[in-house]
Each structure stands twice: as structure tokens, then as C-alpha cells.
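Worksheet: one structure, shown below.
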Amino acid sequence: MTQDARKVTMEKLVSLCKRRGFVFPSSEIYGGLGSCWDYGPLGTELKRNIKEAWWQTMVRERDDVVGLDAAIMMHPRVWEASGHVSGFTDPLVECKNCHSRYKATDLTTETCTICGGPLTEPRMFNLMFKTFMGPVEEAAAVVYLRPETAQGIFVNFDNVITTTRKKLPLGIAQQGKSFRNEITPGNFIFRTREFEQMECEFFVKPGTDEQWFKYWVEERFNWYVRFGIKKENLRLTPHPKEDLAHYAKACTDIEYRFPMGWSELEGIANRTDFDLKAHSAFSGKDLSYYDDVTNERYVPYVIEPSAGTDRSALAFLIDAYDEDIVQNETRVVLRLHPAIAPVKVAVLPLSRNEKLAPLSREIYNHLRHRFMTQFDDAQSIGRRYRRQDEIGTPLCVTIDFQSLEDKQVTIRERDSMAQIRVPIDDLESVITARLNGDNACRKTTSSGKT
Ligand code: GAP
Numbered sequence: 025m026t027q028d029a030r031k032v033t034m035e036k037l038v039s040l041c042k043r044r045g046f047v048f049p050s051s052e053i054y055g056g057l058g059s060c061w062d063y064g065p066l067g068t069e070l071k072r073n074i075k076e077a078w079w080q081t082m083v084r085e086r087d088d089v090v091g092l093d094a095a096i097m098m099h100p101r102v103w104e105a106s107g108h109v110s111g112f113t114d115p116l117v118e119c120k121n122c123h124s125r126y127k128a129t130d131l132t133t134e135t136c137t138i139c140g141g142p143l144t145e146p147r148m149f150n151l152m153f154k155t156f157m158g159p160v161e162e163a164a165a166v167v168y169l170r171p172e173t174a175q176g177i178f179v180n181f182d183n184v185i186t187t188t189r190k191k192l193p194l195g196i197a198q199q200g201k202s203f204r205n206e207i208t209p210g211n212f213i214f215r216t217r218e219f220e221q222m223e224c225e226f227f228v229k230p231g232t233d234e235q236w237f238k239y240w241v242e243e244r245f246n247w248y249v250r251f252g253i254k255k256e257n258l259r260l261t262p263h264p265k266e267d268l269a270h271y272a273k274a275c276t277d278i279e280y281r282f283p284m285g286w287s288e289l290e291g292i293a294n295r296t297d298f299d300l301k302a303h304s305a306f307s308g309k310d311l312s313y314y315d316d317v318t319n320e321r322y323v324p325y326v327i328e329p330s331a332g333t334d335r336s337a338l339a340f341l342i343d344a345y346d347e348d349i350v351q352n353e354t355r356v357v358l359r360l361h362p363a364i365a366p367v368k369v370a371v372l373p374l375s376r377n378e379k380l381a382p383l384s385r386e387i388y389n390h391l392r393h394r395f396m397t398q399f400d401d402a403q404s405i406g407r408r409y410r411r412q413d414e415i416g417t418p419l420c421v422t423i424d425f426q427s428l429e430d431k432q433v434t435i436r437e438r439d440s441m442a443q444i445r446v447p448i449d450d451l452e453s454v455i456t457a458r459l460n461g462d463n464a465c466r467k468t469t470s471s472g473k474t
């Protein structure tokens, strides 16, 4: 499908996110705060689901990765050792006329793109946010908000190896907030100054690093496909040698075809032994590893798959967005993978008639313990289906008057809109099967599509 053939645009998606409570501008009642966003009730569920899917795949389903949750503020020497104090900079230029600021490397002209005014010479601008620890604002009290979660992992390498008694190859995975004072944030939640990362530092024996690098590039690409991103909207872009970060021997980006063009979703880097050696030198703590199988001591190499949670959320939403025509009206539908969808099941009594209420509530109270479930009895059933389609709910359960007699309800499926009758006693197991991808009920007779 070409870019133009897709029905999604950034405007449509931002509007849906605001309208339905996925994402709001931060501090909106005060006019918002540049490039900061708040996740609303549905966005919060979506982001939790993404993190859960990542954690499940990266940690719980593997024997060779363990988890960590390090502090956001770390000893300032960490950032000297990592190279961030001296090197985590972007070239900043400013228009002498209207004072607009740009990252010099983003510009294709030598004048301001807003007013045509002349630009200052580039000066290097450090992207780390600084603050002070304790009550005195002095140089000795400066601490940084971490610009990546990775360093919390490197400084805990020895703690984790010692306490888990795990052998290499071993990954340490972490999710959490990172902060960068980006010169040009933008494109909604794509580039912000406060964002979440999902990173794994995978420690390996030097010499096996290139093979593990290939493995992780493939593994991470497949993760996005497993959770519903269309393959044709993903591609791998290796970095040319001259563009590699100071610590990297190789890096490949997983790029997604966002409405504004192909852009990085995740980077997989071969960080060599740079970080462990740097922290050994700066801290005086030996961070080498003793391999008791080969009786060798070495400083491990590190392969790092590093993903952005917010950027993933944007990609999942964009990829799921679709419009079709139902009963002569445009239906907006988020075709999200069930594991990613914020609400799994909506319980919808056919009407607000009081006879339907007790059974509907009973079913809702039962299902909500097993699945993220919504109850909605306002407006016509058709409009309620549309609302659930628009937020990506895979299944709706409808209770009608016949349900009171035959103890059966209707399950309506988001993508095909097919409906089947199911005994209430089987409801939980049928829903479980459907959410796990068992489409058996699609084969049964459909009783109309609304
Ligand atoms: N530890 C390596 C590292 O941080 P990175 O390529 O700078 O590498 C990794 O960041 C991922 O974090 C990116 O692929 C992106 O998904 C996300 N990310 C980075 N900066 C971001 C920002 N300003 N806003 C949102 N996500 C960002």
C-alpha cells in the first residue's frame, strides 16, 4: 500500500486521541506545555499493554534476560563516564531576527525557515536536563535527569550477576522515563522532552557480539509484527559507519512508516565494551566477568535493543487506524491487536430497559475480573458499537430480551462485525479463545453486521 492509500493522517489520529481520551496536551487548562503530553484513561491502558507485551517477550518468556528498575537520578559521574556530559549535544542555531531555534543538522537552508532572517553560528547544546539535589543550588549539587535508561543497567551489572548467579549471555531489561531537552520536539508523541524507553542491555562474550547483534535485530523486528504492525510499514536501516554514536560498533534502526515519513522506532546497537570499561575506569570497580566454563576473564560486549514506548504507541495507533463504510456511513476502527487494545470487551445491554440491567450487570461484574471490560448502556446499540470500534475494542457482548429466556448473549467482533450467539456459561472461555487469536467463532453463522 502506498503512503497515500492509507486513510490515516496525523491530524485524524491526534483528533481521535483527544476526543476519546488517549492523549491530552499537558497542563491544557494553562495553555499546554511545549511537547508535553498526558495519557488519558485509554492511552494509559494502551501504554501499559505495550510495556506488558514487551516485558512478557523480553523477560518472562526468556531464561537469559532479567529485569531492573533503576533510579532516574544517578551519580553525576555516571554521565561523565558514559560520555553524555561532554558529548550528548546537538548543534543549535538561532535566527538573529525572530529568535526561532533549530538543530543545525535539520536545516537545508542557511536562513531562518520562518522569517528568512540570518542564523547564528552553531553552538553545541547539551540535551541533558539539570537539577539540584538537596536544598542548596550549587555546582556540587547538580544532578541530571537520565537521558537514557541504559546507564542504570551498566552500573548494576555486577549487582545483578552476583545476586542472580546467572551466566553470560545475559540481558538486563528496563522500562522507564528518560528526559532530553530536544531542540526541536514535535510530531505529537513522536519526539518529546519527557518520554519512556524500553531497553535491554544484552551482555555477551566478545567475538560472539556480531551474531547476537543480528539475532536481536531480527527478534525485535518480529516483535512489532507479532503485536500487529504490518510488515510493509517496517524496515531496517543500518547506520553508515561515519554516523555511529561514539560507543557503537554497529547500529540498525527499525523504522516505521509514520504519516510524516519513515522514522526511527527502535535502535539496536552493538555498544562493545565501551560502557563497562568506562564505568570501571571512573568508579574504580572491576566490571569484568569470570567465565567459569572457559576459565577466562573478560569485559563483556553489549548488544542493546532500545525502543521508545511513546513512539511505539504512536506506531501501533497509526497502523491500526482504518475507515470503512457501514450502512452508508464511515466507520472509524482501530484494528489493534487484542493484547494492545485498551479495552478487551464491552458489555452492552440492547437498551436501558430495567429488565436487562440485572443480567447485564452480572455479566459485566464477572468479566471485569478477567478482562479489561467496559459497560455502556447509553444511546443506540449501533452508536455504541461505533464508539467501541473507534477505540479498538475487539469484542462486544450484547444482552437482549431473548438472553433472559435462553441464557445466551451475542458476541460481536470488531474487524468483521460478525455476530454469534454464545451460552452465558461459555462466555468467558469463548472470549479468552477469541482474544488469543482463535477465530473459530468467525466460521459460525453471522446474524447481521452492525
Ligand atoms: N540507549 C540508547 C538510546 O537511548 P536512542 O536511539 O537515543 O538510543 C532509543 O533512543 C529510542 O528511544 C528511540 O528509538 C526512540 O524510540 C526513543 N526516543 C529517543 N528520543 C526520544 C524522544 N525525544 N521522544 C520520544 N522517544 C524518543
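My numbering runs 24 ahead of the 1-based position in the sequence shown.
We treat Cβ as the ideally placed atom computed from N, Cα and C, and that holds for glycine.
The structure displayed is predicted, hence computed values, not measured ones.
message: DSSP three-state label for A339, please.
response: If DSSP states are grouped into helix, strand and coil, A339 belongs with the helices.
query: Roughly how many whole angstroms lie between the Cα atoms of I342 and P283?
result: Taking the CA atoms as reference points, I342 sits about 8 Å from P283.
- prompt: Among the residues of its own chain, which have a CB less than 6 Å from the CB of E347, if the five just before and after it don't count?
  reply: K31, T354 and V356, listed in sequence order.
Presumed contact (8 Å Cβ cut-off) between I96 and L151, rounded CB distance: Actually they are not in contact, since the Cβ atoms of I96 and L151 sit about 15 Å apart, beyond 8 Å.
query: Closer than 6 Å: is that where the CB of E243 sits relative to any heavy atom of the ligand GAP?
result: For the ligand GAP, not one heavy atom lies less than 6 Å from the Cβ of E243.
- prompt: Where does K238 sit, in a helix, a strand or coil, going by DSSP?
  reply: The answer is helix: DSSP assigns K238 an H, G or I state.
message: On a Cα-Cα basis, can you pick out the residue from E76, T296, G176 and T261 that is closest to E279?
response: Taking only the C-alpha atoms, the option nearest E279 is T261.
task: Please check the pair P329 and N73, which I expect to be a contact at CB under 8 Å, by giving their CB distance rounded to whole angstroms.
output: The Cβ separation is near 19 Å, so there is no contact.
Straight-line gap, P193 to D88 (C-alpha atoms, nearest Å): CA-to-CA, the gap between P193 and D88 works out to about 7 Å.
- prompt: For the alpha helix (DSSP H) that contains Q80, what are its first and last residues?
  reply: Under the DSSP assignment, Q80 falls outside any alpha helix (DSSP H); it carries neither an H nor an E label.
query: Should S287 be counted as a contact of the ligand GAP given a C-beta to heavy atom distance under 6 Å?
result: No, the beta carbon of S287 sits no closer than 6 Å to any heavy atom of the ligand GAP.
query: R407 by DSSP, collapsed to three states: which one?
result: Taken through DSSP and simplified to helix, strand or coil, R407 comes out as helix.
- prompt: What is the DSSP secondary structure of V297, reduced to helix, strand or coil?
  reply: It should be pointed out that residue 297 corresponds to Asp in this sequence rather than to Val. Assignment of D297 by DSSP, reduced to helix, strand and coil, places it in the coil class.
message: Measuring straight from C-alpha to C-alpha, what distance separates S124 and Y388?
response: Between S124 and Y388, the alpha-carbon positions lie close to 54 Å from each other.
message: Tell me the DSSP secondary structure of V90 in three-state form.
response: In the structure shown, V90 sits in a strand (DSSP, three-state: E or B).
- request: Have a look at G20 and I455 and give me their C-alpha separation to the nearest angstrom.
  value: What is shown of the chain runs 25 to 474, which leaves residue 20 out entirely.
query: Would DSSP call D310 helix, strand or coil?
result: In the three-state scheme derived from DSSP, where H, G and I count as helix and E and B as strand, D310 is classed as coil.
message: Please report the straight-line C-alpha distance between A363 and S312, rounded to a whole angstrom.
response: A363 and S312 have their C-alpha atoms some 39 Å from each other.
query: In chain order, what residues of the same chain have a beta carbon less than 6 Å from the beta carbon of F340, not counting five sequence neighbours either side?
result: Taken in chain order, the residues that qualify are I364.
message: Just list the residues that DSSP pairs K127 with in beta bridges.
response: According to DSSP, which records beta bridges pairwise, K127 is partnered with L116.
Span of the beta strand (DSSP E), counted from its first residue to its last, around K154: It spans K154 to F156 - the beta strand (DSSP E) in which K154 sits, taken as one unbroken run.
message: At a threshold of 6 Å, does E52 count as lining the ligand GAP (C-beta to nearest heavy atom)?
response: For the ligand GAP, no non-hydrogen atom lies closer than 6 Å to the CB of E52.
- prompt: For G67 versus H270, is the C-beta distance shorter than 7 Å?
  reply: In this structure, H270 does not lie closer than 7 Å to G67 by Cβ.
message: Using only CA atoms, which one of Q403, M441 and D401 lies nearest to D14?
response: As shown, the chain starts at 25 and ends at 474. That puts residue 14 outside it, with no answer to give.
- prompt: Are D233 and N294 touching if we call contact CB-CB under 7 Å?
  reply: Yes. Within cutoff.
query: At a cut of 8 Å, does the region 153 to 171 reach the region 118 to 135 through at least three beta carbon pairs?
result: With the rule of 3 Cβ pairs closer than 8 Å, the region 153 to 171 does not count as touching the region 118 to 135.
- prompt: Which residue comes first and which comes last in the alpha helix (DSSP H) that contains R101?
  reply: Per DSSP, the unbroken alpha helix (DSSP H) holding R101 starts and ends at P100 to A105.
field: Sequence-distant residues of its chain with Cβ nearer than 6 Å to S50 (five each side left out)
entry: Correct list, in chain order: L57, C60, W61 and D62.
task: Please name the residue or residues paired with E279 in a DSSP beta bridge.
output: For E279, which the question treats as bridged, DSSP gives the partners R259 and E288.
query: CA-CA distance, D316 and K191?
result: Looking at the two C-alpha atoms, the distance is approximately 9 Å.
message: Less than 8 Å between C-beta atoms, sequence neighbours within five positions excluded: which residues of the same chain meet that for L289?
response: Once the five neighbours on either side are set aside, the close Cβ partners of L289 are Y248, L258, D277, I278, E279, Y280, A331, G332, R335, S336 and A339.
- prompt: Quick one, which of L116, K238, D114 and P65 has its alpha-carbon nearest T397's?
  reply: Cα-wise, what sits closest to T397 is P65.
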